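*Asks:* Just add 311 to the spot in the sequence shown (first one is 1) and you have our numbering.
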Amino acid sequence: MKVRSASVFDLACATNSDRDLERAVQFQVPRGYSAFRTRVVPSGITDTAQLDVRDDSVILTSLRIDPGQPGREVSSDVASHSVFELRITCARPGGGVTFSNAVLTR
């Protein structure tokens, strides 16, 4: 298995005021890479959060994240996509989600 990159990063919850209801980060998918995987851990959230792996308006993978739950693995097929997005929507502001061992594989 060839790995493109590995990283650890945080994505904070939105303020849930006005139009600030979600946070997202986008990644390019280099040619030849077909899958994305990461470990997801809640970090200071006080209510549920929803993680969606998306391509434009299509949800590729979705995961509910609850406060205090242990880390969970998330994976998604991204072979036919040039860009994908990780989007979190939190029921309440504060806290966020930590992604670790995030990788694209062939």
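Built from N, CA and C at the ideal position, the CB exists for glycine as well.
Small disclaimer: the values here were computed from a predicted structure and weren't measured.
Does DSSP put N327 in a helix, in a strand, or in coil?
*Replies:* Correct three-state label for N327: coil.
*Asks:* Can you find the residues in the same chain that come closer than 6 Å, C-beta to C-beta, to P404, ignoring five residues on each side of it along the sequence?
*Replies:* Cβ within range, chain order: C324, T326 and N327.
*Asks:* Quick one: give me the first and last residue of the beta strand (DSSP E) that Q339 is part of.
*Replies:* Here the beta strand (DSSP E) through Q339 covers R334 to Q339.
*Asks:* How long is the line joining the alpha carbons of D358 and T409, rounded to whole angstroms?
*Replies:* C-alpha separation (whole angstroms): 15 Å.
*Asks:* Counting only the same chain and skipping the five closest in sequence on each side, list residues whose C-beta sits under 8 Å from that of V385.
*Replies:* Once the five neighbours on either side are set aside, the close Cβ partners of V385 are R348, T349, R350, V351, L362, V364, T372 and L374.
*Asks:* Among S393, L415, I356 and V319, whose alpha-carbon lies nearest the alpha-carbon of I399?
*Replies:* When only C-alpha atoms are compared, the closest one is I356.
*Asks:* Applying the criterion that 16 or more other CB atoms from any shown protein chain within 10 Å of the CB defines a buried residue, is V314 buried or exposed?
*Replies:* Low confidence applies here, because V314 scores a pLDDT of 44, under 50, leaving its location unreliable; read the following figure in that light. Exposed is the call here.
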